[in-house]
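Remarks on the structure that follows.
Residue numbers (our numbering), protein chains in the order written: chain A, 16 to 179; chain B, 7 to 369; chain C, 587 to 688.
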């Protein structure tokens, strides 16, 4: 259970998952934020106003997946590093997962990075497709990783270095 | 003797915001800060803050600290004494401090105590070995001095501090054996916990430390699972090799000055210890003495900043400044505090504050 | 060990200096506290307790707890967690209560 070990369950994830139709239509953001904490930078971050908190800053973010175009601005803004973008339409074989990243070294485009799941387990080595700096002040990088489609809902972190 | 309208004791998030708010209404303020770099715990916080934009959410703690300090330095109404330790507060309102190696007396018309908190300790065999560090010490070593605090750490406590410092250690290239937590549930924000876990740091709830061992320094620890009566379960012991054991087991309000000033105090578990009884404007039972931040109950830095603002406004207003705008600004600060405390994570604080009110504090 | 590369922070360590730890030359920086420089050099034990002579190290790092007392340039009971490094200073392990040498 999330409250005991920090790992969201299938049931937790089902609550924030876009519909299969929406996932098949292109990139979309998934806010893996399950607790009512006072925090709302994601609401301000979204250029399309697709993220809302209807009652107060203690709400969990409600992502309007139909309005969201998966731009990924929220990924680098969420203080909890809890928002990801998944693009199931990237290619036949691969999905693209955008992951917030705050470690060194920062991977380079084309480099292989080790994908980790929500439990920190290694899922394999995948190619970094894009690296976006959060800028001088924000400092959070957004890493786009090419992962096999069946792992698109598993890989949520990367480890850089050690690829053989 | 130094005369001043408002003395702020402590240059952390609450103190800096208190000084800026009081000055914004026109009051003359002196801040006494014991460290050579004001900002308090903000200085070591590399993570982005939560809350709303009114509390600078999304900016990193140290960036907020620098921003507040710049504002204070540019403010002509505010005088800032660093390397200054306040020593005592007396019946006649005189405050004494050590400033530039001298014993200096200050006569303030109002005093805002924003002294923050100290880290709690934990009893277990071997807990005095070198390498058993408070979480704040680990942060100071790595985020202020840029020194790698350890090779491998056992973190004790899964509140926000334990969770955040573990992540920061990982960012500094330190291995974390585990985060252990006595309670059956993670106490800090779950997004922090998830961030740690997916970086390969296990969070073990219902676990405690039985002992630390090592010759002249920590070499490891024995941990075990505990039952619902907090008793170790035989056979669940694990030997964890580590060179630092980091304690993140809570904070206690630093209330010495409140006691000395004769403020009415109460032990309130939800606020993590003895705290001064205050009214809605954060004035204690001693007229003219206000408190803000962790000294009046352990909470997040975002609330400390808003409390500082409220105490600063109230102290200045009581001197006759800002007759027009003060009431509105005070109301806005109170509304922000209510909002920050409104969710389930604010329940403990709300219960604590109710107890303060029941003791004749907030009206 | 000092952190050379950090994802969020840049460190302004100041000027490089050397000082003496128990007579041995150690490197430090002017913006560093004594304890930070010692820690970077691998020193964890800073002294010993007065009664049982158990090893003592850092605990709070903000001048609160008195666990890090050392003798600096013959001055006992210096909180080395809040005092900066200076060129040539003599930092010594302190066994129990410090002794004022006259």
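Every residue gets a Cβ at the ideal spot worked out from N, C-alpha and C, and that includes glycine.
Look at residue i and residue j and say whether their C-beta atoms are less than 9 Å apart.
| i | j | result |
| --- | --- | --- |
| residue 244(B) | residue 229(B) | yes |
| residue 259(B) | residue 122(B) | yes |
| residue 48(A) | residue 95(A) | yes |
| residue 124(B) | residue 651(C) | yes |
| residue 86(B) | residue 36(B) | yes |
| residue 671(C) | residue 609(C) | no |
| residue 28(B) | residue 318(B) | yes |
| residue 143(A) | residue 161(A) | yes |
| residue 254(B) | residue 366(B) | no |
| residue 266(B) | residue 96(B) | yes |
| residue 19(B) | residue 64(B) | no |
| residue 649(C) | residue 680(C) | no |
| residue 311(B) | residue 23(B) | yes |
| residue 664(C) | residue 147(B) | no |
Below 8 Å, is the gap between the Cβ of residue i and the nearest heavy atom of the ligand PLP?
| i | result |
| --- | --- |
| residue 168(A) | You won't find the ligand PLP in this model; it holds no ligand whatsoever. |
Mind checking which residues open and close the beta strand (DSSP E) that includes residue i?
| i | result |
| --- | --- |
| residue 142(A) | 137-147 |
| residue 661(C) | 661-665 |
| residue 87(B) | 84-87 |
| residue 187(B) | 181-187 |
| residue 595(C) | Unbroken run through residue 595(C): none, as it is neither H nor E. |
| residue 119(B) | 108-119 |
Would a check of beta-carbon distances place residue i closer than 9 Å to chain B?
| i | result |
| --- | --- |
| residue 45(A) | no |
| residue 636(C) | no |
| residue 147(A) | no |
| residue 82(A) | no |
| residue 594(C) | yes |
| residue 604(C) | no |
| residue 122(A) | no |
| residue 73(A) | yes |
| residue 134(A) | yes |
| residue 655(C) | no |
| residue 639(C) | no |
Using 9 Å as the limit for Cβ to Cβ distance, is residue i near chain A?
| i | result |
| --- | --- |
| residue 305(B) | no |
| residue 347(B) | yes |
| residue 19(B) | no |
| residue 591(C) | yes |
| residue 211(B) | yes |
DSSP has residue i in a bridge; who is on the other side?
| i | result |
| --- | --- |
| residue 604(C) | 613(C) |
| residue 39(B) | Bridge partners of residue 39(B): none, in fact. |
| residue 619(C) | 670(C) |
| residue 125(B) | 257(B) |
| residue 657(C) | 678(C) |
| residue 99(A) | 45(A) |
| residue 242(B) | None, per the DSSP bridge assignment. |
| residue 282(B) | 271(B) |
| residue 122(A) | Answer is none; residue 122(A) lacks a bridge partner. |
| residue 250(B) | 159(B) |
| residue 110(A) | 162(A) |
Residue range of the alpha helix (DSSP H) that residue i falls in?
| i | result |
| --- | --- |
| residue 129(A) | Element bounds for residue 129(A): not the alpha helix (DSSP H) but the beta strand (DSSP E), 127-131. |
| residue 78(B) | 67-80 |
| residue 342(B) | 332-346 |
| residue 24(B) | 19-30 |
| residue 4(B) | This structure does not reach residue 4(B), given that chain B is present from 7 up to 369, and the question cannot be answered. |
| residue 355(B) | 353-364 |
| residue 313(B) | 307-324 |
| residue 46(B) | Unbroken run through residue 46(B): none, as it is neither H nor E. |
| residue 173(B) | 166-177 |
| residue 25(A) | 25-29 |
Shorter than 9 Å from the beta carbon of residue i to some beta carbon of chain C?
| i | result |
| --- | --- |
| residue 177(A) | no |
| residue 138(B) | yes |
| residue 142(B) | yes |
| residue 148(B) | yes |
| residue 108(A) | no |
| residue 369(B) | Note that residue 369(B) has pLDDT 46, beneath the 50 cutoff, so the model's placement of it is unreliable and no number is given. |
| residue 119(A) | yes |
| residue 154(A) | yes |
| residue 204(B) | no |
| residue 124(B) | yes |
Next item on the list: Pair every Cβ in the stretch 187-205 of chain B with every Cβ in the stretch 277-289 of chain B, then say whether three or more of these pairs are closer than 8 Å.
Entry: no
Check: Does the pairing of the stretch 333-342 of chain B with the stretch 248-257 of chain B give three or more beta-carbon distances under 8 Å?
Finding: no
Notebook entry, point to check: When the Cβ atoms of the stretch 76-88 of chain A are set against those of the stretch 42-62 of chain A, are three or more pairs found closer than 8 Å?
Noted result: yes
Notebook entry, point to check: Which residues, in order along the stretch 151-183 of chain B, keep a beta-carbon less than 8 Å from a beta-carbon of chain F?
Noted result: Considering every chain present, this structure includes no chain F. Its protein chains are A, B and C.
Notebook entry, point to check: Within the chosen definition, does the stretch 144-160 of chain A reach the stretch 118-129 of chain A through at least 3 CB pairs nearer than 8 Å?
Noted result: yes
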